[in-house]
Structures are given as structure tokens and as C-alpha cells.
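Read the structure below first, then the notes.
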Amino acid sequence: MADVRLPGTLTPLFPGLPRRLEVGAATVLGAFDELDAQWPGLRDRLVGEGPTLRSHIHAYVDGERSRLDTPLAAGSRLDVIAAISGG
Amino acid sequence: MSKTLLTVATRKGTFLLESDDRKSWTLSEPLCEGWPIYHAIYDATSDSIYAAAASEWHGSAIWRSRDHGATWEMSSEGLTYGDEDGRKVSKVSTLARAGDRLLVGAEAPGIFESRDNGETWSLLSTLSGQHGSEAWDDPANQPPGHLGISGFVTDAEDSDNFFAIVQGVGAFQTDDGGSSWAPRNSGLRRDWPGDYEDVGFCVHKLVRSSNPERMYQQNHVGMHRSDDAGQSWTEITEGLPGDFGFAAAVHPHDTESFYVIPVDGGHGRTMHEGKATVWRTRDAGSSWQPMRNGLPQVDAHLGVLRQGMTMDKHDVPGVYFGTSTGQVFASADEGETWSEIASYLPSISSVDVAIVD
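So this is what it looks like as C-alpha cells:
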């Protein structure tokens with residue numbers, strides 16, 4: 000299982016969504032799809048057409064900037080960050 | 000007892016202003032989680048409020064409230080050009096009701112529809128093949144502030160007949176629910192060269208009076224009137240302090256009365272001479288009168304965007320506008336006198352009004 004940390008801007012949109020949770024997916028996109036199955040619409044808040052990460056959403060796997068196809072291993076930590084944007 | 004409900008879209012969420020008498024107003028908390036809202040409307044058909052939102056972080060979505068703002072949900076299901084198309088939905092700019100459909104205009108330019116009151120969406124039209132579409136589909140022509148489809152005018156009697164504005168290109172009309180389109184820009188002025196005779200106009204705001212033949216528009220260069228349902232346009236700028244502005248509203252009971260807010264057409268885009276003024280014609284644009292009683296007249300460098308002014312449908316209708324600096328001004332007497340009913344909101348994108356039970 001990978002350890003996922005979500006941005007605080009996301010949790011008010013989906014009742015019951017915690018900031019931190021575990022997924023069994025093999026990639027970053029797979030993690031978002033897994034969360035989307037439980038909280039429909041969540042993937043769309045992080046992923047745009049392409050599919051690509053939304054431009055102001057950053058994902059880090061074990062501290063390294065990652066893409067949607069970046070693999071997740073057992074014990075990986077996935078940080079999803081809402082980047083500095085606007086005022 | 001009915002109340003007057005103002006739905007105010009801002010850079011930091013939707014706000015509601017409610018009044019029983021149009022004198023005393025109650026302001027809501029910020030709604031829609033503070034997302035940037037481009038247009039918010041009350042829709043009588045579904046007795047719901049809808050807000051078109053585009054977050055820099057979390058993309059575009061339509062918020063909806065079925066209980067006059069007490070609770071909210073959001074959806075962007077189907078609000079996409081798909082992974083293969085190449086176009087991206089960077090923003091949802093405008094909303095309108097057309098029969099059993101809710102319409103939303105997007106950037107890149109396209110129109111999406113919902114037939115289940117905002118729960119799911121599907122692409123209705125990109126106006127492909129129209130003159131200018133090859134240019135507006137180019138991402139290079141979609142700068143960050145661009146709205147894409149920036150406005151609709153629908154027909155209460157014929158839901159298949161509506162206008163859509165493509166920002167910087169012109170107005171288009173469909174009479175078959177969006178399957179086919181025709182440009183409706185004949186007679187408009189433009190002060191720049193164009194590749195086509197029928198498109199290349201900068202229509203800021205389009206409104207239809209209670210007589211569907213009579214329409215008005217605020218253009219990048221001039222106010223215009225149509226007496227043939229948009230087939231042709233005549234400029235009616237003379238008598239105004241300038242030809243540039245965004246906001247416009249038409250009187251709900253008098254087809255001769257139309258309201259505009261001219262602003263400086265340069266970088267400032269604020270009201271002329273720092274005097275907050277709404278201009279009204281009561282003779283379809285032959286003459287104009289400034290409406291200033293109660294509006295600030297010293298150092299009032301206020302801007303109002305294209306969805307920023309509206310009128311209610313009371314017997315003596317009210318006029319409302321919201322500014323880029325967060326004030327809402329209201330008149331309950333057709334613009335004769337004004338009061339400031341909200342002072343410290345975020346920058347306002349749109350103001351909509353309805354009479355609700």
C-alpha cells in the first residue's frame with residue numbers, strides 16, 4: 000500500500016475524504032482512479048485532458064517530482080501539492 | 000412572501016444578497032469554497048443556483064445549490080473535450096437556461112449542456128466550421144484572461160433558438176438547438192482589419208428586450224441596437240461619454256429602455272472621470288441620461304464587467320451592478336436613485352437577480 004497525502008483544498012469538496020490515506024494502486028494515476036471510485040469526481044480535480052496533472056497540481060513520490068505514470072511501490076509516499084497560485 | 004435574490008459571482012466565491020423590500024439586504028457568507036466564479040445565476044426552472052467556477056488548482060466545474068444557497072454540490076462530469084481532442088477546458092465562463100437544457104460556455108470556445116440540472120454535462124457545440132473558428136481553436140489565441148464563449152441570450156418561447164458570443168469574434172445564432180449556427184454581426188462597427196466580413200467583432204454583452212425583435216449590445220466599439228432580432232445592428236453611441244464598456248441591461252417591461260456603464264477603453268477600464276454613472280436611454284438610444292443620484296462622484300474609479308449589471312422584473316424594476324473592487328450598488332426605481340448594498344466583496348464577475356418564493 001502507498002501512503003497518500005492530499006491538499007487541504009481538496010477535502011472540503013468530498014465529504015469524508017481524509018487528508019491522508021492508503022491506496023493499492025501501481026501508479027500515481029492509478030491512485031487517483033482508486034480514490035475516484037470512492038469519491039466520484041476526485042480525479043477530475045487533479046487531472047485534466049491528456050490525461051495530465053493539472054498545471055498547478057504537483058505530485059511527489061518519495062520526495063521526487065513525479066508524473067501520472069510514475070510507479071508506486073509498497074510503502075511509497077505520494078504527496079499531492081496545490082502549488083502556489085494566485086493571491 | 001417573495002424575496003429578491005441577488006447572486007453575485009466573485010474572484011473568491013459566490014455571495015447571495017436577499018431582501019424582502021429591496022431596501023434592507025442580507026449578505027451571505029462566501030460560498031462555493033472560495034473558488035473563482037465567473038458567472039452565477041438563479042434558475043427558476045429548477046429552482047436552483049448555479050455557479051460557473053474555474054480553480055487554478057482544481058479545474059473547471061459547475062456548483063449548484065437546490066436550497067437557495069444553504070448547501071452546495073459540484074460537478075464537472077462530462078465537462079471536457081476528451082483526451083484526444085487537443086482542446087482543453089481551462090475555464091467555464093457563462094451559464095444560461097434554454098428549455099430543458101442548462102448551457103455553459105467554456106474556454107477553449109465550446110458550449111456544453113446538461114439535461115439533468117447540472118449533475119452531468121456533454122459537449123453540445125464548438126461552432127466548428129464557422130468563420131474564425133480555426134483561429135479561436137488555436138491555444139495561442141486563448142490567453143489566461145480569455146473567456147471563450149462569453150455569453151448567451153436565450154429565447155423563453157423557443158428553447159432551440161439562442162445566441163452565443165465568441166469573445167473577440169462575434170455573436171452567432173442557432174435555431175436548431177446548436178446543430179447549426181449563423182453569424183449575427185451585420186452592421187457592427189470594428190476599428191481593426193478582419194479576415195471575414197461577418198466575424199471579427201468584439202461583442203461584450205448582448206441582451207434581448209421583452210420584444211424579441213429588439214436587442215441591444217455593448218460592443219468594444221460602441222453601443223448598438225437591433226430591431227430585427229439580431230439580423231442587423233445600428234450604432235447608438237452618440238450622447239454617451241465613450242464607446243467602450245462591458246455591462247448592459249435591458250428594461251424588463253419597456254423595450255425602449257436600456258442601461259449601460261461606459262468605461263475608459265484603455266488599460267484602466269474604469270468609469271469616466273472617477274464618477275460612478277449608469278447611463279439610460281428611454282428612446283432606444285436616440286438620447287442618453289446619466290443616472291448618478293446616490294452613486295459616488297469623487298475618485299470612484301470603478302470597473303464593471305460584462306455580466307456585472309442586471310435588472311429585476313418587479314413592476315418598477317430595480318437595477319443592480321457589481322464592481323471589480325467589490326461593491327454592489329442597487330436601485331429600486333429604475334436607476335433614479337442608488338444605494339450601496341455591499342461594500343467589501345472580492346472582485347465581482349457577475350450579478351444576477353431573481354424574485355423567489
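Protein chains in written order, with numbering that gives the first Met the number 0: chain A, 0 to 86; chain B, 0 to 356. Don't be surprised by glycine CBs; every beta carbon is placed ideally from N, CA and C.
Identify the contact partners of residue 145 (chain B) in chain A, using a Cβ-Cβ distance below 8 Å as the criterion. Taking a Cβ-Cβ cut-off of 8 Å, residue 145 (chain B) has no neighbours in chain A, whose nearest Cβ is about 16 Å from it.
Hey, would you say residue 131 (chain B) sits closer than 9 Å to residue 198 (chain B), going by beta carbons? Their beta carbons are under 9 Å apart, which means residue 131 (chain B) touches residue 198 (chain B) by this criterion.
So which residues on chain B does residue 81 (chain A) lean against when the C-beta distance must stay under 7 Å? Neighbours of residue 81 (chain A) on chain B, chain order: 56.
Are three or more beta carbon pairs between the region 338-353 of chain B and the region 20-37 of chain B nearer than 8 Å? Output reads yes: the region 20-37 of chain B touches the region 338-353 of chain B.
Residue 56 (chain A) - partner residues in DSSP beta bridges: Residue pairing from DSSP places residue 56 (chain A) in a beta bridge opposite A:81.
Within 9 Å of any Cβ in chain A, is that where the Cβ of residue 63 (chain B) sits? Residue 63 (chain B) does not count as touching chain A.
Of all the CB atoms in chain B, is at least one closer than 9 Å to the CB of residue 15 (chain A)? For residue 15 (chain A), the answer is no, since every Cβ of chain B falls outside 9 Å of its Cβ.
Taking residue 47 (chain A) as the query, report the chain B residues whose CB atoms sit under 7 Å from its CB, ordered along the chain. Listed along chain B, the residues sitting closer than 7 Å to residue 47 (chain A) by beta-carbon distance are 58 and 87.
Starting from residue 76 (chain B), find everything on chain A with Cβ-Cβ shorter than 9 Å and list it in chain order. Proximity of chain A to residue 76 (chain B) at the Cβ level (cut-off 9 Å) is accounted for by 39, 40 and 43, in chain order.
Using DSSP with H/G/I as helix, E/B as strand and the rest coil, what is residue 299 (chain B)? Coil, per DSSP.
Taking 9 Å as the threshold (beta carbon to beta carbon), is residue 81 (chain B) in contact with chain A? Closer than 9 Å to some Cβ of chain A, the Cβ of residue 81 (chain B) qualifies, so yes.
Chain-ordered chain A contacts of residue 32 (chain B) [CB-CB under 9 Å]: Chain A residues near residue 32 (chain B): 8, 11 and 12.
Return no unless some Cβ of chain C is closer than 9 Å to the Cβ of residue 84 (chain B). Here the protein chains are A and B, and chain C is not one of them.
Enumerate, from N- to C-terminal direction, the unbroken beta strand (DSSP E) stretches of 3 or more residues contained entirely within the region 93-146 of chain B. Those beta strand (DSSP E) runs which fall completely within the region 93-146 of chain B and span 3+ residues are 100-106, 109-113 and 121-124.
Can you tell me whether residue 218 (chain B) is buried or exposed, with buried defined as 16 or more other CB within 10 angstroms of its CB? Buried is the call here.
Ordered along the chain, which non-local residues of its own chain (more than five positions away) have a Cβ less than 8 Å from that of residue 230 (chain B)? Cβ contact annotation for residue 230 (chain B) (same chain, cutoff 8 Å, sequence separation greater than five): 183 and 185, in chain order.
Give the secondary structure of residue 357 (chain B) by DSSP, where H, G and I count as helix, E and B as strand, and everything else as coil. Lying outside 0 to 356, the shown extent of chain B, residue 357 (chain B) is not represented and no answer is given.
With a cut-off of 9 Å, does the C-beta of residue 214 (chain B) fall near any C-beta of chain A? False, the Cβ-Cβ gap to chain A never drops below 9 Å.
For residue 215 (chain B) and residue 53 (chain A), what's the separation of their Cα atoms in angstroms? Each residue's alpha carbon lies about 39 Å from the other.
Going by C-alpha to C-alpha distance, which of B:204, B:165, B:269 and B:328 sits closest to residue 305 (chain B)? Of the candidates B:204, B:165, B:269 and B:328, B:204 places its Cα closest to the Cα of residue 305 (chain B).
By how many angstroms is the C-alpha of residue 247 (chain B) removed from the C-alpha of residue 7 (chain B)? Residue 7 (chain B) and residue 247 (chain B): Cα-Cα distance of roughly 16 Å.
Selection from B:325, B:331, B:76 and B:142 that minimises the alpha carbon distance to residue 10 (chain B): It is B:325.
CB contact below 9 Å: residue 53 (chain A) versus chain B: Closer than 9 Å: yes.
Looking at the unbroken alpha helix (DSSP H) that takes in residue 29 (chain A), where does it start and where does it end? Taken as a continuous stretch (DSSP letters only), the alpha helix (DSSP H) holding residue 29 (chain A) covers 27-37.
Enumerate, from N- to C-terminal direction, the unbroken beta strand (DSSP E) stretches of 3 or more residues contained entirely within the region 251-305 of chain B. Listed in chain order, the beta strand (DSSP E) elements of length 3 or more contained wholly in the region 251-305 of chain B are 257-261, 277-280 and 288-290.
Looking only at its own chain, which residues have a Cβ that is under 8 Å from the Cβ of residue 336 (chain B), when we skip the five neighbours before and after it? Within the same chain, and ignoring the five residues on either side of residue 336 (chain B) in sequence, the residues whose Cβ sits closer than 8 Å to its Cβ are 292, 293 and 330.
Selected residue, minimal CA-CA separation from residue 147 (chain B), among B:138, B:155 and B:153: If we check each option's Cα against that of residue 147 (chain B), B:138 comes out closest.
Is any beta-carbon of chain A found at less than 9 Å from that of residue 359 (chain B)? Nothing in the structure corresponds to residue 359 (chain B), since chain B is present only between 0 and 356.
Below 8 Å on the Cβ atoms is my contact criterion, and I expect residue 103 (chain B) with residue 51 (chain B) to pass it. Report the Cβ-Cβ distance as a whole number of Å. Right, their Cβ atoms sit about 6 Å apart.
Does the beta-carbon of residue 0 (chain B) have 16 or more other beta-carbons within 10 angstroms, so that it is buried, or is it exposed? It is exposed - the Cβ of residue 0 (chain B) has fewer than 16 other Cβ atoms within 10 Å.
Just list the residues that DSSP pairs residue 223 (chain B) with in beta bridges. Residue 223 (chain B) is bridged by DSSP to B:216 and B:234.
Starting from residue 43 (chain A) and walking both ways along the alpha helix (DSSP H), at which residues does that stretch end? It spans 41-45 - the alpha helix (DSSP H) in which residue 43 (chain A) sits, taken as one unbroken run.
Hey, quick one: how far does the beta strand (DSSP E) through residue 200 (chain B) stretch, first residue to last? Counting along the chain, residue 200 (chain B) sits inside no beta strand (DSSP E), nor does DSSP assign it H or E at all.
Going by DSSP, which residues form a beta bridge with residue 164 (chain B)? By DSSP's assignment, residue 164 (chain B) forms a beta bridge with B:150 and B:170.
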